[in-house]
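Peer 1: Handing you this structure, nothing more for now.
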Amino acid sequence: MLPCIPSFQKIFWKHRDRALRKTPLMKTAPYTILFLGKAEDSYCARALEFCQANFQRVTYCLGRWGDPLPEEARAWEGDYIISYLSRWVVPADLLKRARRAAINFHPASPEYPGIGCNNFALYEDAKEYGVTCHYMAPKVDTGGIIAVRRFPVYPEDGVAELLERTYEHQIALFFEIVGGLAAGKSLPVSDEKWTRPPFTRAQFNELFRITPEMSREEIARRVRAVSYKEWQPYIDLYDFRFEYKPAHKPANM
Numbered sequence: 135m136l137p138c139i140p141s142f143q144k145i146f147w148k149h150r151d152r153a154l155r156k157t158p159l160m161k162t163a164p165y166t167i168l169f170l171g172k173a174e175d176s177y178c179a180r181a182l183e184f185c186q187a188n189f190q191r192v193t194y195c196l197g198r199w200g201d202p203l204p205e206e207a208r209a210w211e212g213d214y215i216i217s218y219l220s221r222w223v224v225p226a227d228l229l230k231r232a233r234r235a236a237i238n239f240h241p242a243s244p245e246y247p248g249i250g251c252n253n254f255a256l257y258e259d260a261k262e263y264g265v266t267c268h269y270m271a272p273k274v275d276t277g278g279i280i281a282v283r284r285f286p287v288y289p290e291d292g293v294a295e296l297l298e299r300t301y302e303h304q305i306a307l308f309f310e311i312v313g314g315l316a317a318g319k320s321l322p323v324s325d326e327k328w329t330r331p332p333f334t335r336a337q338f339n340e341l342f343r344i345t346p347e348m349s350r351e352e353i354a355r356r357v358r359a360v361s362y363k364e365w366q367p368y369i370d371l372y373d374f375r376f377e378y379k380p381a382h383k384p385a386n387m
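Residue numbering for the sequence shown follows the working numbering, starting at 135 and increasing by one per position.
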């Protein structure tokens, strides 16, 4: 294991993931991996542990929004780049140094590329959502699609409920695809396509804004779409900003 962040300590789990325990591989696959992921995330840690158990040489970098891409990653060269909930946009020159493939696991179906994907699905009252594995390209969420797994969105779902279900399907897809790579299989090919340009940070931020002229229905859509922990919709009045406080879920929201 080659840690990209020297201070990062090895993650230990009380119970190893079931999929990891059941992997049929007796030896690690002879590939060099660059794993890019989200810091302090349990799903990302499970994905990283799987790579470390099944590939000979794994360099990993875990970060948060705004962190610079470490120099160790910029200088990497090898077989596969695997991005899992990564906060970095990977530069084109680094993508080219992945001899076999650079793949990303996107927490949304092809209808929702970019940032805030689950939020826009809730805002649009989508009846179905999903997770996508795709090749990485210099422009985020535009590369060829490898595999998609879909599941229903329920009327009572908010951000928390949809995210939890999304992450479970995403890690399952990860084990399926990356387990195949470790077993020497080729990446699958999907005939699915991205259906729109990636959502931008500006579009995502705008979803939080409520104005006095909005209808009750529009406000309810925005509350459902973005209300999550400390992230809440808001309204600006004169020089004051008021944030929504989710005391309980109102009827018909």
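Ideal placement from N, C-alpha and C gives every residue a C-beta, glycine not left out. Keep in mind it's a predicted model, so treat the numbers as computed, not measured.
(1) Suppose the cutoff is 6 angstroms on Cβ atoms and the five residues either side in sequence are ignored; what does the same chain contact list for I215 look like?
(2) Does the structure place the stretch 242-259 close enough to the stretch 328-341 that three or more beta carbon pairs sit under 8 angstroms?
(3) For the alpha helix (DSSP H) that V293 lies in, which residues bound it at each end?
(4) How far does the beta strand (DSSP E) with K230 in it extend, from its first residue to its last?
(5) What does the alpha-carbon distance come out to for the pair Y190 and S217?
(6) Between the Cα of N360 and the Cα atoms of T276, A316, D259, which residue gives the shortest distance?
(7) Out of L321, L182, L196, P380, which has the shortest C-alpha to C-alpha gap to A294?
(8) Could you tell me the alpha carbon to alpha carbon distance between G171 and A179, rounded to whole angstroms?
(9) From D370 to E352, what does the alpha carbon distance come to, in whole angstroms?
(10) Would you list, in sequence order, the uninterrupted alpha helix (DSSP H) runs of no fewer than 4 residues that lie entirely inside the stretch 166-204?
(11) What are the partner residues of F239, as DSSP defines its beta bridges?
(12) Which residues in the same chain as V312 place their Cβ atom closer than 8 angstroms to its Cβ, once the five residues preceding and following it in sequence are excluded?
(13) Could you give the residue range of the alpha helix (DSSP H) that holds Y246?
Peer 2: According to the structure data:
(1) Around I215: L168, A232, A236.
(2) yes
(3) 293-316
(4) No beta strand (DSSP E) contains K230, which is instead part of the alpha helix (DSSP H) from 226-230.
(5) Inspection of the sequence shows that residue 190 is occupied by Gln rather than by Tyr. When rounded, the distance between both Cα atoms is 18 angstroms.
(6) The sequence given here places Val at residue 360; Asn does not occur at that position. Nearest option by C-alpha distance: D259.
(7) P380
(8) 8 angstroms
(9) 16 angstroms
(10) 176-188
(11) Y218, C267
(12) A181, F184, C185, N188, I216
(13) Premise fails: Y246 is in no alpha helix (DSSP H) and is neither H nor E.
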